[in-house]
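The sequence shown maps to residues 0 to 244 in numbering that gives the first Met the number 0. Heads up, the beta-carbon is just placed ideally off N, CA and C, and yes, glycines get one too. A quick note: this is a predicted structure, and the numbers were derived from the prediction, not measured.
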Amino acid sequence: MSRPLDGVTVVVTRERPGTLASQLREAGADVVHVPLIERRPTVDGPDVLAAALAGLGGGDWLVVTSPAGARAVFESVDELGDVSIACVGEATADAVRTNGRDVALVPRVAQLDGLLDEFPSGTGQVLLARADIADPRLVTGLEALGWAVDDVVAYATVERAPSADEVDRAVRGDVVTLASGSAARAWARAVGAGASPAIVSIGPSTTSQAQRSGLRVTATATDQSVDGIVAAVVDAVTAAGSASA
């Protein structure tokens, strides 16, 4: 039985290929892993994050904006207290659930504004575990809802320059997946805006950053999750096949 991505080479650029690579292979794709970003702990990040997490209690919230942030949280503590957890995007929520915790809020629109639109008003504590390059508007938006925000830089996102061999393998692919604005910038620097595999982005903010970097995005996932980006790859490949038929 044929699969939708049989004979298609897909480049995965996230630090950990994980379930994205697995699902692409299940759909028939040949996967090439060329990581374009790296997550690094900040100097005081783990200790500061652990102390902040220990200070949370009932009625407080933990806000996590990326799978890397979720990993940083659960690497910092053995047990997380009775707090409500909000996540931006299903991929982030899945990373939390993998560690045995329920997620109280995943906004329908997996962006900063989507989270603020659905986040409740309150007067307790919110711990924001974020990357060093996160948008500062999230802090001010949560404060405007009445919360006291503990803003912790849990990790640093560093662009990784791929080797010449990695670039050569990547540009021979049919599709490249970009799961963050940092990956989009790194791809533009490594490959440029010229001849490139079709680009599939995980969501609108990544697409916007890719376009600002001079890249042409073929498809943007409707659902910002692993399932969503795989579906977008399948749709892009199917559309390309129909156009060439």
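Inset, instruction - Check whether the Cβ atoms of residue 35 and residue 158 lie closer than 8 Å to each other. - result: As a first step, residue 35 must be located in the sequence shown, where it is residue number 36. As a first step, residue 158 must be located in the sequence shown, where it is residue number 159. Yes, Cβ-Cβ distance for residue 35 and residue 158 is below 8 Å.
Inset, instruction - Check whether the Cβ atoms of residue 220 and residue 231 lie closer than 8 Å to each other. - result: Translated into the one-based positions of the sequence shown, residue 220 becomes position 221. Translated into the one-based positions of the sequence shown, residue 231 becomes position 232. Cβ atoms of residue 220 and residue 231: closer than 8 Å.
Inset, instruction - To the nearest angstrom, report how far apart residue 244 and residue 237 are at their CA atoms. - result: Within the sequence shown, residue 244 is the residue found at index 245, counting from 1. Within the sequence shown, residue 237 is the residue found at index 238, counting from 1. Only weak support is given to the placement of residue 244: the predicted model assigns it a pLDDT of 48, under 50, and the value that follows is read from those uncertain coordinates. Looking at the two C-alpha atoms, the distance is approximately 11 Å.
Inset, instruction - Could you work out which residue in 113, 214, 165 and 196 is closest to residue 136 when comparing CA atoms only? - result: Numbered from its first residue, the sequence shown carries residue 136 at position 137. Of 113, 214, 165 and 196, the residue nearest in Cα terms is 113.
Inset, instruction - Using three-state DSSP, classify residue 218 as helix, strand or coil. - result: Along the sequence shown, read from residue 1 onward, the residue named residue 218 stands at position 219. Of the three classes helix, strand and coil, the one that applies to residue 218 here is strand, per DSSP.
Inset, instruction - Please work out which residues of its chain come closer than 6 Å, Cβ to Cβ, to residue 206, disregarding the five sequence neighbours upstream and downstream, and give them in chain order. - result: As a working mapping, residue 206 is identified with position 207 in the sequence shown. These residues qualify, in order along the chain: 200, 216 and 219.
Legend entry - Exposed unless 16 or more other CB atoms sit within 10 angstroms - verdict on residue 14: Counting from one through the sequence shown, the residue named residue 14 turns up at place 15. By the 10 Å Cβ count, residue 14 comes out buried.
Inset, instruction - May I ask which residues mark the beginning and end of the alpha helix (DSSP H) holding residue 200? - result: Numbered from 1 along the sequence shown, position 201 holds the residue referred to as residue 200. Counting along the chain, residue 200 falls outside any alpha helix (DSSP H), though it belongs to the beta strand (DSSP E) covering 197–200.
Legend entry - Same chain, Cβ closer than 7 Å to residue 37, five either side skipped, listed in chain order: On the sequence shown, residue 37 is found 38 positions in, with the first residue counted as 1. Within the same chain, residue 37 has close Cβ partners 14, 157 and 159.
Legend entry - CB of residue 177 within 8 Å of CB of residue 169, strictly: Against the sequence shown, residue 177 aligns to sequence position 178. Against the sequence shown, residue 169 aligns to sequence position 170. No.
Legend entry - Coarse secondary structure for residue 248, derived from DSSP in three states: The structure shown does not extend to residue 248, since the chain is modelled only from 0 through 244, so no value can be given for it.
Inset, instruction - Would you mind stating whether residue 151 and residue 125 have Cβ atoms separated by less than 8 Å? - result: Reading the sequence shown from its first residue, position 152 is the one you call residue 151. Reading the sequence shown from its first residue, position 126 is the one you call residue 125. No, the Cβ-Cβ distance between residue 151 and residue 125 is not below 8 Å.
Legend entry - Coil, strand or helix - residue 120 by DSSP: As a first step, residue 120 must be located in the sequence shown, where it is residue number 121. DSSP places residue 120 in coil when its eight states are reduced to three.
Legend entry - Touch test, the stretch 15–35 against the stretch 139–146, Cβ-Cβ under 8 Å, three pairs minimum: no
Inset, instruction - Go through its chain and collect everything with a Cβ distance to residue 192's Cβ below 7 Å, but skip five positions before and after it. - result: Translated into positions along the sequence shown, residue 192 becomes position 193. Answer for residue 192: 213 and 214, listed in chain order.
Legend entry - Where residue 158 falls: helix, strand or coil (DSSP): By 1-based counting over the sequence shown, the position of residue 158 is 159. Strand at residue 158.
Inset, instruction - Just confirm the distance between the C-beta atoms of residue 65 and residue 130, as a whole number of angstroms; I'd bet it's less than 8 Å. - result: As a working mapping, residue 65 is identified with position 66 in the sequence shown. As a working mapping, residue 130 is identified with position 131 in the sequence shown. Indeed, because the Cβ distance is near 7 Å, the residues count as touching under 8 Å.
Inset, instruction - Note down, in chain order, each residue of its chain lying with its Cβ closer than 7 Å to the Cβ of residue 80, except the 5 sequence neighbours on either side. - result: For this step, residue 80 is matched to residue 81 along the sequence shown. Within the same chain, residue 80 has close Cβ partners 55 and 56.
Inset, instruction - Given a cut-off of 8 Å, decide if residue 88 and residue 223 are closer than it, judged by their beta-carbon atoms. - result: One-based indexing of the sequence shown puts residue 223 at position 224. One-based indexing of the sequence shown puts residue 88 at position 89. In contact: residue 223 and residue 88 (Cβ atoms closer than 8 Å).
Legend entry - alpha helix (DSSP H) segment containing residue 52, residue limits: Translated into the one-based positions of the sequence shown, residue 52 becomes position 53. Secondary structure note for residue 52: its alpha helix (DSSP H) is the uninterrupted segment 44–53.
Legend entry - C-beta atoms of residue 128 and residue 153 nearer than 8 Å: Working through the sequence shown from its first residue, we reach residue 128 at position 129. Working through the sequence shown from its first residue, we reach residue 153 at position 154. Yes. Within cutoff.
Inset, instruction - Leaving out five residues on either side along the sequence, give the residues of the same chain with a beta carbon under 6 Å from the beta carbon of residue 161. - result: Here residue 161 corresponds to residue number 162 of the sequence shown, with the count starting at 1. Within the same chain, residue 161 has close Cβ partners 33 and 189.
Legend entry - Every unbroken alpha helix (DSSP H) inside the stretch 14–83 [4 residues or more]: 17–25, 44–53 and 66–75
Inset, instruction - Work out the CA separation of residue 181 and residue 119 for me, nearest whole Å. - result: Residue 119 sits at position 120 when you count from the first residue of the sequence shown. Residue 181 sits at position 182 when you count from the first residue of the sequence shown. Distance from the CA of residue 119 to the CA of residue 181, rounded to the nearest whole angstrom, comes to 30 Å.
Legend entry - Collapsed DSSP secondary structure at residue 133 in the structure displayed: Here residue 133 corresponds to residue number 134 of the sequence shown, with the count starting at 1. Of the three classes helix, strand and coil, the one that applies to residue 133 here is coil, per DSSP.
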